[in-house]
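Taking our numbering, the leading residue of the sequence shown gets 16, the next gets one more, and so forth.
All residues carry an ideal CB built from backbone N, CA and C; glycine is no exception.
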Amino acid sequence: MTEDVAIVGAGAAGSGAAYALRDAPVDVTVFEKSRGVCGRAATRRREGCRYDHGANYVKTDDERVTTLLTDELDADGLVDIEEPVWTFDAEGTIAEGRDADERKLTYADGITGLAKRLFDETDATVHRETRVTEPVREDGRWRLYDADATDLGAFDTLLLTPPAPQTADLLGNANWEHSVRRDIREAVAVVPYRTIVTAVLHYPFEVDWPYYALVNTDKEHDVGWVSREECKDGHVPDGESLLVVQMGGDWSVAHYDDPDAETTAAAADAVATLVDDDRLADPDWTDTQHWRYALPEGGVDDAIEAATDHGLYFAGDWVAGESRVHAALRSGLETGEAIADEV
Ligand SMILES: Cc1cc2nc3c(=O)[nH]c(=O)nc-3n(C[C@H](O)[C@H](O)[C@H](O)COP(=O)(O)OP(=O)(O)OC[C@H]3O[C@@H](n4cnc5c(N)ncnc54)[C@H](O)[C@@H]3O)c2cc1C
Numbered sequence: 016m017t018e019d020v021a022i023v024g025a026g027a028a029g030s031g032a033a034y035a036l037r038d039a040p041v042d043v044t045v046f047e048k049s050r051g052v053c054g055r056a057a058t059r060r061r062e063g064c065r066y067d068h069g070a071n072y073v074k075t076d077d078e079r080v081t082t083l084l085t086d087e088l089d090a091d092g093l094v095d096i097e098e099p100v101w102t103f104d105a106e107g108t109i110a111e112g113r114d115a116d117e118r119k120l121t122y123a124d125g126i127t128g129l130a131k132r133l134f135d136e137t138d139a140t141v142h143r144e145t146r147v148t149e150p151v152r153e154d155g156r157w158r159l160y161d162a163d164a165t166d167l168g169a170f171d172t173l174l175l176t177p178p179a180p181q182t183a184d185l186l187g188n189a190n191w192e193h194s195v196r197r198d199i200r201e202a203v204a205v206v207p208y209r210t211i212v213t214a215v216l217h218y219p220f221e222v223d224w225p226y227y228a229l230v231n232t233d234k235e236h237d238v239g240w241v242s243r244e245e246c247k248d249g250h251v252p253d254g255e256s257l258l259v260v261q262m263g264g265d266w267s268v269a270h271y272d273d274p275d276a277e278t279t280a281a282a283a284d285a286v287a288t289l290v291d292d293d294r295l296a297d298p299d300w301t302d303t304q305h306w307r308y309a310l311p312e313g314g315v316d317d318a319i320e321a322a323t324d325h326g327l328y329f330a331g332d333w334v335a336g337e338s339r340v341h342a343a344l345r346s347g348l349e350t351g352e353a354i355a356d357e358v
């Protein structure tokens, strides 16, 4: 009999799991609270530009994931960022970086193209703008509800992929009477996260740097990362620059609720000083994004494994213990395969 699988979250982990289940005898339904797919690997479009304002690129540290991107999925539009990443310290001293040979992958249509390509290979039904708020355990299945108490259906297997604090909230709301529930929820709830505020700065001229990005290595600077989207084919029209500035963890926590104009002004001033170019203090348009749960700073313990006996699975960067797209995708692939083995 065909089993019903629900996946909450259409990020790298959720889309990877759906991909791994594409040939299994299951019906897969994905619920995603946002309008778009790919979660924190996010892309926006504005005034002829496209920019990845969350994850900047996919690293090629995992051979299986790299092969998936380059050989299995539609590689049309796959972009290799060729310029290197350099470093800077608390004093703003810039130095050549360590990763000159590392490949950095995204798509001309934006990094969200990864989840789109994964879903394209599946028959999964993806419901966007649908936030799951309550899983209910009844008759050996999982019935899901949204915030309006709309019944989203009952499923044999439930895979949760939101960031750990949001997954812990779902487990907290779960109508599921079992002794393991509390241990699992506690294990998920304690995964620590770094907060990041992102500022996007656009200029009607092109900056001329020998690097794609600068990363702060001592984590003592107000800016954590600054990169040029024009180094990605298809992202920025010629003659323009678009900088993605990720503010440091301490700055982001202290200024999380600042008005957007203050955030972008602070980011622009900091970058202008860092690279010694006064023009950068005055972008012609800006954007922001606040990532309260940006990067897990640790993994989850084994307590979550007890959930599989109850048709409940977890995947994501926090399950992999590494805050990277490739790790989240790998976690989704492996969890999808584990579910396929059970049906
Ligand atoms: C600013 C920033 C920069 C980064 N830079 C890089 C980088 O350069 N390279 C790199 O490899 N990684 C980077 N990362 C990390 C990378 O983005 C993540 O590790 C990866 O995207 C996590 O994927 P995931 O599927 O585990 O989670 P997510 O991408 O968070 O996916 C979870 C999904 O669940 C959805 N969701 C949550 N709750 C619900 C609900 N109740 N109902 C329905 N849907 C729900 C969310 O909307 C989301 O789409 C960065 C992250 C940030 C924030």
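The region 155-162 touching the region 305-315, judged by at least three CB pairs closer than 8 angstroms
no
Opening and closing residue of the alpha helix (DSSP H) in which residue 220 lies
Run containing residue 220: none; DSSP gives neither H nor E here.
Residue 207: CB within 8 angstroms of a non-hydrogen atom of ligand 1:
no
So residue 55 and residue 29 are in contact, right, with Cβ under 8 angstroms, and what is the actual spacing, rounded?
Not confirmed; about 12 angstroms, so no contact.
Between the Cα of residue 201 and those of 185, 216, 210 and 36, spot the shortest distance and give me the residue it belongs to.
185
If you draw a straight line from the alpha carbon of residue 58 to that of residue 67, how long is it in whole angstroms?
4 angstroms
Reduced DSSP category for residue 242 - H, G, I as helix; E, B as strand; rest coil:
strand
Tell me the rounded alpha-carbon separation between residue 124 and residue 36.
25 angstroms
Extent of the continuous alpha helix (DSSP H) run through residue 94
Unbroken run through residue 94 is the beta strand (DSSP E), 93-95; no alpha helix (DSSP H).
Shortest alpha-carbon distance to residue 240 belongs to which of 195, 255 and 215?
215
Check: residue 342 C-beta below 8 angstroms from any heavy atom of ligand 1
yes
Rounded to whole angstroms, what is the Cα-Cα separation between residue 13 and residue 40?
With the chain running from 16 to 358 in the structure shown, residue 13 is simply not present.
Taking contact to mean at least 3 C-beta pairs separated by less than 8 angstroms, is the region 245-257 in contact with the region 86-104?
yes
According to DSSP, is residue 131 part of a helix, a strand, or is it coil?
helix
Using the Cβ count rule (16 or more neighbours within 10 Å means buried), how would you classify residue 220?
exposed
Report yes if the C-beta distance between residue 191 and residue 146 is below 9 angstroms; otherwise report no.
no
So, does the region 267-274 touch the region 290-300, judging by three or more C-beta pairs under 8 angstroms?
no
C-alpha distance - residue 164 paired with residue 227, whole-angstrom precision:
47 angstroms
I want to know whether the region 69-80 touches the region 131-143 - three or more CB-CB distances under 8 angstroms.
no
If you measure between the beta carbons of residue 347 and residue 178, is that distance less than 9 angstroms?
no
Cα-Cα, which of 225, 320 and 354 is closest to residue 101?
225
Residue 237 burial status per 10 Å Cβ neighbour count (16 or more: buried)
buried
Give the C-beta separation of residue 84 and residue 90 to the nearest angstrom, bearing in mind that I take them to be a contact with Cβ-Cβ under 8 angstroms.
7 angstroms
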